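In full-length UniProt numbering, the protein residues as written are 1 to 152.
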Ligand code: RTP
Ligand code: MG
């Protein structure tokens, strides 16, 4: 597959939405040169969040995590570009804001692990699974990117 067609799932969490950081998050991905191919705001159901965070089911923080992400609307996105999964994790920063570098989203905007503003898929497989949970195939838009010649 064309490496430039790699996709990842990015979500602005309820704290990020309420702090008016949606534009800031989008700007960082746009500035990098990634391509937005899906976007919506929604208040996720408990079942959707249980599917999305299934790997953490049973961990001590799981109930708090469900309450946090389910507390208000989130902004769900799919971004496309070369190595977008790994590079997004770098743009987002380490899970714990005390360990995330300045210049990353969490490093610049968060203090608490339980209020860390944004989610990014941790592997290509997770990205495919998560995109399937959050978007129908019709909601992910193919569009011809004429700026690619200046990015690749
Ligand atoms: P995410 O899935 O949200 O992008 O975060 P991540 O990969 O960096 O971290 P992960 O280990 O997948 O944890 C998922 C989210 O659960 C919350 N968390 N709280 N209280 C705690 O110790 C704790 N640990 C994790 C965070 O919101 C974390 O982003
Ligand atoms: Mg994770």
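Positions of the beta carbon are idealized from the N, C-alpha and C atoms, including for glycine. The model shown is predicted, which means the values in this text are computed figures rather than measured ones.
- In terms of Cβ geometry, residue 109 and residue 21 form a close pair [threshold 8 Å].
- The residues 113, in chain order, have a CB closer than 7 Å to that of residue 96 in the same chain once the five nearest residues on each side in sequence are set aside.
- Looking at 93, 74, 98, the one whose alpha-carbon comes closest to that of residue 104 is 93.
- Within its own chain, the residues whose Cβ lies closer than 6 Å to the Cβ of residue 89, once the five positions on either side in sequence are excluded, are 120, listed in chain order.
- Set against 7 Å, the gap from the CB of residue 65 to the closest heavy atom of ligand 1 is smaller.
- With the rule of 3 Cβ pairs closer than 8 Å, the segment 60-68 does not count as touching the segment 135-143.
- Taking non-hydrogen atoms of ligand 1 into account, the C-beta of residue 61 is found less than 7 Å away from one of them.
- In the DSSP assignment, residue 9 is bridged to 78.
- Residue 111 is classed as exposed because its beta carbon has fewer than 16 other beta carbons within 10 Å across all chains shown.
- Just so you know, the alpha carbons of residue 54 and residue 61 end up roughly 12 Å apart.
- Residue 52: not part of any beta strand (DSSP E); member of the alpha helix (DSSP H) spanning 46-52, first to last residue.
- Residue 102 carries a strand assignment under DSSP once its states are collapsed to helix, strand and coil.
- About 4 Å separates the beta carbon of residue 72 from that of residue 14, a gap short enough to meet the 8 Å contact definition.
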